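Please read the structure below before turning to the comments.
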Amino acid sequence: MKKNPQTKVRQKRVLASVKTKSPRRRREWGLIVLPFLCCLPLLSNAHFAKHHTGINELSRSENPGNDTPQATTVIRGVVKDKEGTPLPGVTILIKGSTVGVSTDVKGEYAMNVEKRDSLILSFSFVGMKTKEVKWTGQQTLNIVLEEDVSEVEEVVVIGYGTTTKKDLTGSVASFDSRIIEESTATSVAHMMQGQIPGLSILAGDGSPGSPARLEIRGVPSLSGATSPLIVVDNVPMTSDFDINELNPDDIQSIDILKGASSAAIYGSRAAAGVIMIMTKGGKRNQKPVINYSYDYSITSLVSDVNTLTTDEFKMLVMEAVRNGAKAEGYDDITQYSKYSTFAASDFFGEANTPWMKYIMRDGSKQQHKVSIRGGGSSFGYNASLGYTDELGQVKGTNYERYTYDIGFNADINKWIKASVKVSGTLSDRLSNSAGISSAAKARPDIKAYNDDGSLYLHSYLYSGRTYYVVNPIIEMEENTTESEDHNVRLTGNLEFRILPELTLVTQYTYQTRKGERYAYQSSRTQAGSGYWGDQKGSGRKTHSKTDSKEFEARLSYVKSFGEQHKLTAVLAGNYNDEESEYYSLSMTDFPDDYVQNAIWQGANPYKYGAVSGSASGSVLLSFVGRIEYKFMDRYLLTGTIRSDGSSKFSPKYRWGTFPSFAAAWIVSEENFLKNSHWLSFLKIRAGWGKTGNGWVGEYGWRTLYSSTDYQNMPATIPSQIGNNELKWESTQQYDLGLDFSFLKNQRIRGSLGFYKKTTKGLLYPFTMALSTGMESTSVNFANIENKGVEFDISTTIIQNKNWNWSLGFNIGKNKNKITGLDAEYISSPGQTYLSNTVIREGESLGLIYGFETDGVFRSQAEIDYYESLNPDYQYQEQYSYRKTIPGDLKFVDQDGDGRVNKVYGNHEDKIVLGCSRPDFEGGFNTRLSWKGLTLSVQGTFSYGAQKAWTAEANQFCFASTGTANVLDVALKRWTPENPTSNYPCVRLDFYNNDFTDFSVYNASYLKIQNVNLEYRFPKHIVEKTKIFENISIFASANNVCTFTSYPGPSPESWSSDAIRGASIDTEAYPKTRTFNFGVKVTIK
1 MKKNPQTKVR
11 QKRVLASVKT
21 KSPRRRREWG
31 LIVLPFLCCL
41 PLLSNAHFAK
51 HHTGINELSR
61 SENPGNDTPQ
71 ATTVIRGVVK
81 DKEGTPLPGV
91 TILIKGSTVG
101 VSTDVKGEYA
111 MNVEKRDSLI
121 LSFSFVGMKT
131 KEVKWTGQQT
141 LNIVLEEDVS
151 EVEEVVVIGY
161 GTTTKKDLTG
171 SVASFDSRII
181 EESTATSVAH
191 MMQGQIPGLS
201 ILAGDGSPGS
211 PARLEIRGVP
221 SLSGATSPLI
231 VVDNVPMTSD
241 FDINELNPDD
251 IQSIDILKGA
261 SSAAIYGSRA
271 AAGVIMIMTK
281 GGKRNQKPVI
291 NYSYDYSITS
301 LVSDVNTLTT
311 DEFKMLVMEA
321 VRNGAKAEGY
331 DDITQYSKYS
341 TFAASDFFGE
351 ANTPWMKYIM
361 RDGSKQQHKV
371 SIRGGGSSFG
381 YNASLGYTDE
391 LGQVKGTNYE
401 RYTYDIGFNA
411 DINKWIKASV
421 KVSGTLSDRL
431 SNSAGISSAA
441 KARPDIKAYN
451 DDGSLYLHSY
461 LYSGRTYYVV
471 NPIIEMEENT
481 TESEDHNVRL
491 TGNLEFRILP
501 ELTLVTQYTY
511 QTRKGERYAY
521 QSSRTQAGSG
531 YWGDQKGSGR
541 KTHSKTDSKE
551 FEARLSYVKS
561 FGEQHKLTAV
571 LAGNYNDEES
581 EYYSLSMTDF
591 PDDYVQNAIW
601 QGANPYKYGA
611 VSGSASGSVL
621 LSFVGRIEYK
631 FMDRYLLTGT
641 IRSDGSSKFS
651 PKYRWGTFPS
661 FAAAWIVSEE
671 NFLKNSHWLS
681 FLKIRAGWGK
691 TGNGWVGEYG
701 WRTLYSSTDY
711 QNMPATIPSQ
721 IGNNELKWES
731 TQQYDLGLDF
741 SFLKNQRIRG
751 SLGFYKKTTK
761 GLLYPFTMAL
771 STGMESTSVN
781 FANIENKGVE
791 FDISTTIIQN
801 KNWNWSLGFN
811 IGKNKNKITG
821 LDAEYISSPG
831 QTYLSNTVIR
841 EGESLGLIYG
851 FETDGVFRSQ
861 AEIDYYESLN
871 PDYQYQEQYS
881 YRKTIPGDLK
891 FVDQDGDGRV
901 NKVYGNHEDK
911 IVLGCSRPDF
921 EGGFNTRLSW
931 KGLTLSVQGT
941 FSYGAQKAWT
951 AEANQFCFAS
961 TGTANVLDVA
971 LKRWTPENPT
981 SNYPCVRLDF
991 YNNDFTDFSV
1001 YNASYLKIQN
1011 VNLEYRFPKH
1021 IVEKTKIFEN
1031 ISIFASANNV
1041 CTFTSYPGPS
1051 PESWSSDAIR
1061 GASIDTEAYP
1071 KTRTFNFGVK
1081 VTIK
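Residues in the sequence shown are numbered consecutively from 1, following UniProt numbering.
Encoded structure:
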């Protein structure tokens, strides 16, 4: 059939009716910013040239008061690695002084020194072994640096400071910097997935711009901070920050603070762990270096959505009618009240419409990333811009995003340093979940288009009322939501060197997050018509904004006493002020679907219109202290304490104190192991810490009121009961672990850790009984325990001039248990019920709860037997007019009273059907490189979890109006001709649609997450271009394949509900597989 050329125009008009901003402005903004980024290097060219024309200002005498001329000479040379590649940015110092220079982009240097018989020059570079060379007067001194394969000296960000892996006392995991550098992942979450033991990442659904779910060491809360705190460049992000907002190319390092002894430095924000992310900054003594990358991705569905054809649909609908008549006792089907509707000659159409093909398309994604970094001897700068444009597989789903990061740092004088950074994102997301869900349910016998090319809208009469059959194309084009977000972060830093060992850092951060949502459902859509056709469209506009202002002052003291003692101390104060606002305007009954210019124009605000809004604010005041002591380079002690005061709690419980202690012993430094050839490093560590959770409503301890009207007069009513006894969630955690490496150059390295953490006073907003006239109240409801073990190991199998092959593997096991419930707020002794789950003392969170089944009834004789068990009741049917028939699911009587009580709210015959928490999970990676060619593979796995595939549970009943199609799994149903089937018969009612174990499956899986092949062109070829310093091309595949017995779209699907978590598979948007191609270049 010919499509209507007006379709695209109609969609644009519908969007125009709710939009007040255009994404085109974003593109214009990008065109303005990009030239600015490219011009930044000009700011430093003159300065850089001044200090790099042979003599660097740093090489002046450190005694400016001495005017006596000194005889000098110039040392020149080039610094390379073992393969002959020049190394830019190598620091060259005269040993015992601060006089030095750095190599330029060609690895060359020129250094002015006083003439003397000899001196020692120190050459240092990140990732290379520091080399000291004695200079005896020669004018040319070329140096070759060797790679430092030792990982124990790598710098780790731990909050309010840094340390090395060797000196860590807490449980901290560092994400492999090489994976960050080489990754072609399109999001940070995908890059990290499965690579850190104890860190669980469930990627969002397949829709463009969908967020990810992060969890460290189990579920720490029911409603509060269930996701870890994310700290970017030492700035804690707001609770609604999505890690995928970051540009992966901007990231320098990622460190995960898992243990309470390390995370307690963030106190009340750290109950769910902390992820520390540092972004790339300016590089001093370096000419401008421009990096650019481009990648293009195409996507395909991981699995198809297969529904009934027209013939199958007609057959099963009429079969359901016959079963319905039989269940209600009609021998003559024509007497069945619903028969006349489905038997009408005009009920079924003759089309065979492939609805999924109409709403699906080839998805694609392209990304541009450009950055400039450089600096002079006393300053550095960086600027980056990223652009993402993604077309989803489902038509009407798009995602467009800009990311930017601009930073500058400088030495004001020899005692004061300053830095400033501005970063943020602008995004525009067009979403439509109605399109794919309606396509999966759409009747195949109804045509999509009229003969003239216009969209067809079918209706029919049932019980004297008109019913409209959903046309998924209309749902896709005229039921859309556009989300615009603008997030900005501004950070300024001043560092004062008071004494050589004493530093004061002050930092101010301003964050703002704005969100606008525009939604419109035309009068032809299911929602816009009011489902019954008596509504003329509906629209909604929402606005949200969060402003956060944070000031921090940090005093750091580092002092060595002799050769055996080192003391590091930190004192800090922090003030955070956060304000939020939200409003929503909903309207219906528009005079026209395509011509209104604003959401509030032309609608009927008195009939169905709704206006709501809120504003809130909170303050957090914190004081922090930490002491680290190292003795003989092998005995380590760390103690921290933090005190937080939050306005979210009553004055009685406003302050919380969060201490921690940790100790470590570097056994390999002892004399009996120091010269071991097989053991290169061994450290035993132990720690204890206390963290908290203050992520509760701003006014949880106060009684709140809402506005309403009474007899056409404004009024207020109480909506929340205040709770003066509301306290912090408090978590105590014990850690024990060891870090090890074996053989020369640490060819085998890894760690093993054990933990136990107990959280008391879990916060939860409970809904109040209607008789109270209140909506909810916040209470400290439960206690929970998480304990587990984590192990990771990696090895370098081959390492020589041309070949390098490494392997990595990690695994973690977490077991949580409810250890206490407040008796005042539970449904029955020791447990409470929430949705399709139960919270029960002594058992885990994530329990799947419902009816157990024992196959299906095979015969009427079997039904008669069960009906005779309790003559006062039907065995499992709660309505007297309806009977059980052969093919119905057979429910198990759990309490032995001869019947299954299915009345809503009754739990006598329900049991735990499974648990969504896995027994263990982890990941693996391998990297094989030969000269410039590198192949890398990343994967994840999970074992022991169960999941309810709710989509399947709905496939054995047709709506009473018969308007919905079902998945083709319904063809496996029980019939007299297929008596051995364990799938129930089809019905018109919801008899077989109770929540049961029928659709609960093992969700274990093994997944190849990413395969990447990259080729880096040889230096001698790149140098011939005279423009580029590095060129590489790559191809990769993401979400490659998953090995699982789970029949649903993805065993990783999850619900945003903190309690149900990953137990219910409700995803509407299909998972996608991505094939990615791109290029990376570095411009001199």
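All residues carry an ideal CB built from backbone N, CA and C; glycine is no exception.
None of the values given here were measured: they were computed from a predicted structure.
As an exercise, report each continuous beta strand (DSSP E) stretch of at least 3 residues that is fully enclosed by the stretch 701-742, in chain order.
704-710, 713-720 and 729-742
In the DSSP assignment, what residue or residues form a beta bridge with Ile-818?
Ile-784
Around the C-beta of Gln-138, are 16 or more other C-beta atoms found within 10 angstroms, so that it is buried, or is it exposed?
exposed
Evaluate residue 1096 with the Cβ neighbour count: other Cβ atoms within 10 Å of its Cβ, from every protein chain shown; 16 or more gives buried, anything less gives exposed.
The displayed coordinates of the chain run from 1 to 1084. Any statement about residue 1096 would go beyond what the structure contains.
Quick check on this structure: which residue in Phe-123, Lys-326, Asp-739 and Lys-357 has the alpha carbon closest to the alpha carbon of Leu-168?
Asp-739
7 angstroms Cβ cutoff met for Asp-250 and Phe-348
no
Tell me which residues share the same chain as Leu-40 and place their Cβ nearer than 7 angstroms to its Cβ, disregarding the 5 neighbours each side in the sequence.
With a pLDDT of 41 at Leu-40, under the threshold of 50, the predicted position of this residue should be treated as unreliable, though the coordinate-derived value follows. Hits under 7 angstroms: Ile-372, Tyr-381 and Ala-383.
Cβ-based neighbour list, Trp-135, same chain, cut-off 7 angstroms, excluding 5 preceding and 5 following
Ile-75, Ser-118, Leu-119, Leu-121 and Leu-141
Taking a contact to mean a Cβ-Cβ separation below 7 angstroms, would you say Ser-268 touches Gly-692 in this structure?
It is a contact, given that the beta carbons lie within the stated cut-off.
Euclidean distance between Cα positions of Gly-30 and Thr-397:
Residue placement at Gly-30 is flagged as unreliable, the pLDDT there being 45, under the threshold of 50; the coordinate-derived value follows with that caveat. About 22 angstroms.
Provide the residue(s) that pair with Arg-1016 in DSSP beta bridges, ordered along the chain.
Ser-1032
Do you know whose CA, among Asp-240, Asn-247 and Ser-227, lies nearest Ile-256's CA?
Ser-227
Which parts of the stretch 882-922 are runs of the beta strand (DSSP E), unbroken and 3 residues or longer, counting only runs that do not cross its ends?
889-891 and 910-915
N- and C-terminal bounds of the beta strand (DSSP E) containing Phe-342
Run containing Phe-342: none in the beta strand (DSSP E); it sits in the alpha helix (DSSP H), 339-343.
Just to confirm before moving on: does the CB-CB distance between Leu-426 and Tyr-402 stay below 7 angstroms?
yes
Residue closest to Ile-911, alpha-carbon to alpha-carbon, out of Phe-995, Ala-263, Leu-636 and Leu-455:
Phe-995
Per DSSP, what kind of secondary structure is Pro-288 in: helix, strand or coil?
strand
Is it right to say Tyr-606 is buried, meaning 16 or more other beta carbons lie within 10 angstroms of its own, or is it exposed?
Because Tyr-606 carries a pLDDT of 46, less than 50, the predicted location of this residue cannot be relied on, and no value is offered for it.
Own chain partners of Thr-640 with C-beta closer than 6 angstroms, once the 5 adjacent residues on each side are dropped
Ala-264, Ile-265, Arg-626 and Ser-660
Given this structure, state the Cα-to-Cα distance separating Ala-861 from Arg-443, to the nearest angstrom.
36 angstroms
Residues that DSSP places opposite His-486 in a beta bridge:
Leu-426 and Lys-514
Could you give the distance in angstroms between the alpha-carbon of Lys-630 and the alpha-carbon of Asn-671?
Each residue's alpha carbon lies about 17 angstroms from the other.
Tell me the residue span of the alpha helix (DSSP H) that contains Trp-355.
355-359
Along the chain, where does the beta strand (DSSP E) that runs through Met-111 open and close?
108-114
Per-residue DSSP class, three states only, for Val-133:
strand
Whole-angstrom distance between Lys-514 and Ala-715, CA atom to CA atom:
Cα to Cα, the separation comes out at about 31 angstroms.
Does the pairing of the stretch 279-289 with the stretch 361-376 give three or more beta-carbon distances under 8 angstroms?
yes
How far does the alpha helix (DSSP H) with His-190 in it extend, from its first residue to its last?
In the DSSP assignment, His-190 falls within the alpha helix (DSSP H) that extends over 188-192.
At what residues does the beta strand (DSSP E) containing Ser-200 begin and finish?
First-last of the beta strand (DSSP E) with Ser-200: 199-202.
Collapsed DSSP secondary structure at Tyr-594 in the structure displayed
coil
What residue from Ile-684, Tyr-575 and Ser-337 has the CA that sits closest to Leu-752's CA?
Ile-684
Selection from Thr-491, Thr-568 and Pro-472 that minimises the alpha carbon distance to Glu-501:
Thr-568
Residue nearest to Val-900 in terms of C-alpha spacing, selected from Val-937, Gln-946 and Thr-853:
Thr-853
Can you give the Cα-Cα distance for Leu-555 and Ala-664, rounded to whole angstroms?
25 angstroms
Less than 7 angstroms between the C-beta atoms of Ile-848 and Val-1000, yes or no?
Yes.
Leaving out the 5 sequence neighbours to the left and right, which residues in its chain are closer than 7 angstroms to Gly-259 when beta-carbon positions are compared?
Hits under 7 angstroms: Gly-170, Ser-171, Gly-687, Gly-689, Gln-733, Asp-735 and Tyr-755.
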